[in-house]
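Reading through the structure tokens given below for one structure.
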Amino acid sequence: MNIADAPPPGPGVTSAAAGRGPLAIEAISVSKDFRLGRGQVLHAVREVSFGLYRGAVVALVGESGSGKSTVARLLAGQEPLTSGSVQLDGAPIDISTHKAFRHYKSEVQLVFQDPFSSLNPVHTVGYHLKRPLRLHQATGTERPGPQQITALLEQVRLTPAEQFVDKFPYELSGGQRQRVSFARALAARPRVLLADEPVSMLDVSIRLEMLGLLNDLRRDFQLAMLYITHDIASARYFADEILVMYAGQIVERGPAEELTQHPAHPYTQLLAASAPDPDNLGSTLRAGAARAVRAPEGAGPAAAGCPFSPRCPLAEDRCRQEDPALLRISPARAAACWRLDVAAPEVLAGAPSRPGHGEVGT
Amino acid sequence: MSAPRRDGAPDAGRSGRDPVLAIRDLSVVYRTKGGDVRAVDQVSLDLHAGEVVGLVGESGSGKSTLAYGACRLLRAPALITSGSVRYQGRHMAAPADILQLRADQLKQLRWQEIAIVFQSAMNALNPVLSVSAQLLDVIHAHLQISREEARERAASLLDLVSIPRSRLRSYPHELSGGMRQRVMIAMALATDPEIVIMDEPTTALDVVVQRDILAQIVELKERLNFSILFITHDLSLLLELADRIAVMYAGQFLEVGTASEIRQEPAHPYTKGLLTSFPSLRGPRRELAGIPGSPPDLRHPAAGCPFLPRCAYGTDACTQVDMSLAHVRTSGDPAHVTACPFVLPETPVRSRGDGPAGAQAPTLVPSAPAGTEPSHEEVTP
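Structure, rendered in structure tokens:
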């Protein structure tokens with residue numbers, strides 16, 4: 001990678017989430033390749049570095065196939081790393097033995113997207129919570145009592161809790177199931193919660209409530225949270241820092257409000273332009289403006305150069321030949337683009353002031 | 363009669379011409395051991411030529427049941443208990459009531475006149491047949507044309523949705539989610555239908571692809587002049603896409619109006635709740651309220667307004683309220699109707715600071731005196 005005129009990536013940027021609490025888990029130049037057979041290799045995650053901080057939410061935003069979920073699985077220790085390392089409290093994670101892996105899981109928990117397939121249809125809510133309680137919290141031979149289970153259900157506001165203990169997943173709505181998933185993750189008393197699209201399968205009217213719940217859990221348990229989503233608007237409200245991922249790389253990172261209001265990378269700008277804009281009835285849809293940056297047929301990420309270059313309206317020769325590294329724009333922002341001077345002159349000039357951080361309104 | 367092109371203005375669909383599809387007092391129940399579930403309760407809706415009507419509601423609100431019921435696509439235990447669905451296509455001499463058609467007439471009507479784009483393109487396409495085989499299936503079933511012509515038509519359908527013809531030989535698993543959804547749209551358009559029902563066509567897709575598909579739908583609609591009944595749980599989409607929006611809850615319409623009326627002057631507390639449920643990317647950060655609680659159990663409908671348990675404005679009077687749609691008094695448009703007979707304070711919802719949970723119920727101003735409320739027949743949206 002030729003970064004002659006760019007400062008080294010990563011270290012120069014201070015995460016916008018760092019102000020909330022101490023560093024809990026850190027990914028350092030994490031990469032993951034998948035072998036597809038016939039000698040083909042898919043670089044699902046490339047040189048990704050970021051940290052999660054206690055009491056803070058970092059959002060990982062990108063389209064399907066950008067590698068977001070793989071990042072979560074790598075952090076959760078579900079997949080071996082191809083290179084790089086994941087550090088929990090400053091030490092590389094150890095998942096070499098069954099016992100060490102279980103210990104790691106009690107610190108780092110994963111919540112999945114689909115509440116319809118992530119719960120076992122033949123087991124009750126109580127069973128789903130009893131197991132992690134027994135694995136992660138039980139001391140000696142003592143079995144988890146019913147009050148531990150109802151306490152968990154109350155934490156995720158499934159009340160009256162007694163009524164839910166003996167229910168099966170099919171008796172619950174999508175939102176209630178996802179609450180059970182949260183409760184199951186909390187049963188291990190983790191410090192890190194990796195939420196992989198936790199609300200995208202739910203009705204719009206319920207999503208907000210669920211994000212509010214996650215926000216409360218973050219605050220009450222000082223969770224270090226990774227929020228994976230393709231909805232950049234919800235990340236604006238919910239996250240402290242946003243990482244934008246494209247083709248396995250982080251192409252832009254910065255404080256949530258600043259990044260969404262003044263996106264610097266052309267891909268972030270495309271994401272922002274694609275969000276529905278109810279204040280602007282029908283205009284962009286009807287003008288066909290959104291189609292200007294459509295991916296050319298069959299164009300995956302570029303083999304060489306910037307992965308976004310085949311879709312980028314600003315791409316020039318250099319973009320197709322050299323892969324840009326994350327370039328620090330301001331103390332908390334960075335973007336990987338050769339053409340930032342054209343894509344976001346006002347961001348480079350430091351024009352945007354930083355509005356205050358708010359919480360998800362409830 | 364050849365349908366003249368519309369100018370795209372939201373009100374153009376109601377310029378006095380007969381609607382293409384007129385649903386009247388449609389009721390659908392699901393027969394269960396625990397009693398009838400009233401999934402759709404006396405709903406009336408008009409769809410005009412070239413119009414996009416959006417149907418928004420939560421899971422289980424009955425929006426898909428309404429659309430499928432209107433096409434008689436429901437199977438037992440679903441049962442249509444009342445109503446009529448009058449269809450007047452441009453090729454038809456006289457209107458037909460879909461609910462009265464014989465099976466062979468129904469087969470004629472489906473797909474050729476009314477086509478559906480189903481929600482999950484992953485499941486709706488046959489995994490073991492190529493795109494071409496599936497398109498040809500539809501074409502041969504509904505059009506009497508030669509194999510050569512059919513093949514050419516299949517290819518031109520892919521052109522229509524901007525998929526290269528080389529993809530005809532592809533199988534569904536070789537296509538991306540967006541492409542599969544576009545194939546579904548191409549299939550729906552295979553026989554040049556008058557009405558396309560789209561049931562959450564973009565829900566499983568990510569935002570960039572979603573935007574792309576929606577833009578494509580709008581473009582095709584302008585070109586081929588069909589009408590769209592668009593079903594979704596995402597009101598923010600409809601505000602951009604639809605000419606008119608019907609807000610559905612517990613099997614009933616709570617409010618019907620143009621997209622801008624719904625956006626600017628929502629009359630029903632539920633509509634207001636929906637409007638504060640989605641985070642906006644642009645503009646100032648606003649207070650997000652959401653709608654606490656969950657929809658009612660339709661097996662045991664309570665008297666009065668079904669939204670009452672979740673409503674921040676509810677009063678005792680709401681348990682007796684007549685759920686027929688009446689004109690919103692504050693609105694200049696007679697077609698802007700709501701089931702809430704109360705005029706809510708603070709009409710523009712944007713600055714509303716009160717969260718519904720535990721909020722004091724504001725004073726309600728009763729609207730028109732009893733007796734002047736129009737009946738269902740008079741205010742069919």
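Quick mapping for you: the protein sequence lines, in order, are chains L and Y.
Quick note: the first sequence, position 338, residue 338 per the working numbering, numbers continuous.
Counting from 1 along the second sequence, just add 362 to a position and that's the residue number in the working numbering.
We put the CB at the ideal spot given by N, CA and C, even for glycine.
Fair warning: this is a prediction, and the values are worked out from it, not measured in the lab.
For residue 394/Y, no alpha helix (DSSP H) segment is defined; the enclosing uninterrupted segment is the beta strand (DSSP E) at 383-394.
Sequence-distant Cβ neighbours of residue 565/Y in its own chain, meaning closer than 6 Å and more than five residues away, do not exist here. With a threshold of 16 other beta carbon atoms within 10 Å, residue 469/Y falls short and is exposed.
A Cβ of chain Y is located within less than 8 Å of the beta carbon of residue 208/L. Within 9 Å of the CB of residue 635/Y, the CB atoms of chain L belong to 205, in sequence order along the chain. At the C-beta level, residue 252/L and residue 268/L come within 8 Å of one another. According to the DSSP secondary-structure assignment, residue 210/L is paired through a beta bridge with no residue. Assignment of residue 458/Y by DSSP, reduced to helix, strand and coil, places it in the strand class. Residues of chain L with a Cβ closer than 8 Å to the Cβ of residue 479/Y do not exist; the shortest Cβ-Cβ separation is about 17 Å. For a Cβ distance threshold of 9 Å, nothing in chain Y lies close to residue 227/L: the least Cβ distance comes to about 13 Å.
Comparing alpha carbon positions, the residue from 505/Y, 656/Y, 638/Y closest to residue 648/Y is 638/Y.
Residue 690/Y sits in coil when the DSSP states are folded into three classes, being neither helix nor strand.
Comparing C-alpha distances from residue 494/Y to each of 472/Y, 486/Y, 528/Y, 503/Y shows the shortest one belongs to 528/Y. Proximity of chain L to residue 627/Y at the Cβ level (cut-off 9 Å) is not reached, the minimal Cβ distance being about 14 Å.
Put simply, of 683/Y, 687/Y, 621/Y, 652/Y the residue whose alpha carbon is nearest the alpha carbon of residue 632/Y is 652/Y.
Per the coordinates, the alpha-carbon of residue 489/Y lies some 7 Å from the alpha-carbon of residue 535/Y. In chain order, 569, 570 make up the part of chain Y whose C-beta sits under 7 Å from the C-beta of residue 271/L.
At a cut-off of 8 Å between beta carbons, residue 265/L makes no contact with chain Y. When the beta-carbon positions are compared, residue 403/Y and residue 578/Y stay at least 8 Å from each other.
In the displayed model, residue 613/Y falls within coil according to three-state DSSP, outside both helix and strand. Sorting 398/Y, 452/Y, 389/Y, 504/Y by C-alpha distance to the C-alpha of residue 427/Y places 389/Y at the top.
DSSP lists 42/L as the bridge partner or partners of residue 34/L. In the structure shown, the three-state DSSP call for residue 182/L is helix.
The residues 396, 397, 399, in chain order, have a CB closer than 6 Å to that of residue 661/Y in the same chain once the five nearest residues on each side in sequence are set aside. Put simply, the CB of residue 307/L is far from chain Y, with every gap to its CB atoms at 8 Å or more.
Residue-level contact by beta carbon holds for residue 237/L and chain Y, with a gap shorter than 8 Å.
Taking 8 Å as the cut-off, the beta carbon of residue 272/L is found no closer than this to the beta carbon of residue 59/L. With the rule of 3 Cβ pairs closer than 8 Å, the stretch 517-526 of chain Y does not count as touching the stretch 461-479 of chain Y. Membership of residue 101/L in the alpha helix (DSSP H) is indicated by the continuous run 98-107. Linking residue 201/L to residue 560/Y through their CA atoms gives a straight-line distance of about 18 Å. 173, 174, 175, 176: these are the residues of the stretch 158-177 of chain L whose beta carbon lies less than 9 Å from some beta carbon of chain Y, given in chain order. When DSSP states are grouped into helix, strand and coil, residue 50/L belongs to the strand group. Proximity of residue 595/Y to chain L, defined by a Cβ-Cβ separation below 8 Å, is satisfied.
Taking 3 residues as the shortest admissible run, the stretch 539-578 of chain Y contains the following complete beta strand (DSSP E) segments, listed from N- to C-terminal end: 557-561. Sequence-distant partners of residue 104/L (beyond 5 residues in either direction) whose C-beta falls short of 8 Å from its own C-beta, in its chain, are 77, 88, 93, 94, 95. Under DSSP, residue 620/Y takes part in a beta bridge, and its partners are 606/Y.
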